[in-house]
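Protein chains in written order, with this note's numbering: chain F, 1 to 202; chain V, 1 to 202. Built from N, CA and C at the ideal position, the CB exists for glycine as well.
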DNA sequence: GAATTAATTGAACGTTCGTTTTATTAATTT
DNA sequence: AAATTAATAAAACGAACGTTCAATTAATTC
């Protein structure tokens, strides 16, 4: 056999991405074999190489897409200038809420992006870390502005930014949709904790 | 050749553990081969199997030891009953300080214990998660007591416990000894943030 | 100093890995 | 309807994997 009836490059590529996110987040990147991936997609291993030249480039594509989506998501959620929400406290609230919702909606790719950095070559690792640093810079600038306006009490902006990122990303480690708390309640809770953490009066 | 001059089982086992922690934390468990490990220890691959029956049991041993050490460490650092430090705020301060110092002193095994859970069989995974839950229970009980005494303002004890654990464990992701902040400063900073997070007045 | 035990080597086992090559068929274009 | 391009299958490559086994030597015990 060769080309199968109804086969379509775009659909296959999307199916590969989905299956890869599922398998990598469950088994880990190194533990997932290309044969396993092909089998889950319903295709022969060789077909994968039409879409991704190597296993590592597949991982890189998934991670880059995740980070770019995250940055775009924040760009759209960020309060517009001149509004009341554009003050530091409003921006921080928007940042936390967007971050929580984005990650809860993308558990698989979040796991992949957070746990598989070691499998990237130095060059590709740097590109992902640059995107990450760009995103974290948004948080740092919010904290710096709040410190300047004396609405936040922060000892060290960089350290606080890392602490907040770790805390709010950690939600995907324990949160399960079937648990007692809803996504809204979780987001509200993290918002409150973040505001207390930076010493903002609510 | 066979047994080498000066060879000693205890030393070899310790060397295997050290090398494994180093390699796994750098490459990941699946990416580390037993041949690589043997080479770093300075021994033939077959020699590893005198100390650990399988690769997975080696990983399990490293993780269990890490968690048991963490629990022992907290047992020794925990304030004694009847002292002023035994109030919730003092216990929380001790918990955060011990946690930060313990993890900063054991970067490799922390990475292994946090990132490689997926490589454990169901049974062994459960044993590690039980130890983890036992440790987290200590934090939850501190938060519960502080809530009862009205010295902490906490919406949800479990959620807050997870948030704090994620935040303070995250220190090893970014902290490098050569950076501007000392271990003492970092610990003090996390202590302040934690107290603010639970709404304690300092 | 002989017998025993501990520690390790060297070689090999079958399996699986990521990837490549070639052939074949479906869909699209001309 | 013929020619071309896109999508896949089938088979194979050499390399690396975790692990086992038998042989060998160092250290210890008697």
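Does residue i come out as helix, strand or coil in the three-state DSSP assignment?
i              : result
residue 152(V) : coil
residue 39(V)  : helix
residue 195(V) : helix
residue 185(F) : helix
residue 25(F)  : helix
residue 15(V)  : helix
residue 141(F) : helix
residue 180(F) : coil
residue 120(F) : coil
residue 110(V) : helix
residue 51(F)  : coil
residue 82(V)  : coil
residue 173(F) : helix
residue 20(V)  : helix
residue 33(F)  : coil
By the DSSP assignment, the alpha helix (DSSP H) with residue i in it spans what residues?
i              : result
residue 94(V)  : 88 to 105
residue 75(F)  : 55 to 77
residue 157(V) : 157 to 169
residue 47(F)  : 45 to 48
Contact criterion: CB-CB distance below 8 Å. Does residue i meet it with respect to chain F?
i              : result
residue 173(V) : yes
residue 192(V) : yes
residue 178(V) : no
residue 146(V) : no
residue 119(V) : yes
residue 92(V)  : no
residue 155(V) : yes
residue 20(V)  : no
residue 40(V)  : no
residue 159(V) : yes
residue 131(V) : no
residue 163(V) : yes
residue 115(V) : yes
Of all the options the options, which has the alpha carbon lying nearest to the alpha carbon of residue i?
i              : options                     : result
residue 89(F)  : 170(F), 169(F), 142(F)      : 142(F)
residue 11(F)  : 133(F), 42(F), 92(F)        : 42(F)
residue 77(V)  : 137(V), 39(V), 102(V)       : 102(V)
residue 121(F) : 59(F), 47(F), 48(F), 195(F) : 59(F)
residue 115(V) : 4(V), 29(V), 13(V), 202(V)  : 29(V)
residue 81(F)  : 91(F), 73(F), 157(F), 74(F) : 91(F)
residue 184(F) : 146(F), 83(F), 17(F), 97(F) : 97(F)
residue 86(F)  : 149(F), 189(F), 27(F)       : 149(F)
residue 147(V) : 195(V), 46(V), 73(V), 72(V) : 195(V)
Answer yes or no: do residue i and residue j have a C-beta to C-beta separation smaller than 8 Å?
i              : j              : result
residue 67(F)  : residue 128(F) : yes
residue 159(V) : residue 181(F) : yes
residue 119(F) : residue 56(F)  : yes
residue 15(F)  : residue 100(F) : no
residue 179(F) : residue 193(V) : no
residue 93(V)  : residue 62(V)  : no
residue 163(V) : residue 140(V) : no
residue 136(F) : residue 154(F) : no
residue 172(V) : residue 110(V) : yes
residue 152(F) : residue 105(F) : no
residue 48(V)  : residue 34(V)  : yes
residue 112(F) : residue 39(F)  : no
residue 117(F) : residue 125(F) : yes
Are the C-beta of residue i and some C-beta of chain V separated by less than 8 Å?
i              : result
residue 141(F) : no
residue 137(F) : no
residue 110(F) : no
residue 196(F) : yes
residue 189(F) : yes
residue 31(F)  : yes
residue 166(F) : yes
residue 181(F) : yes
residue 27(F)  : yes
residue 37(F)  : no
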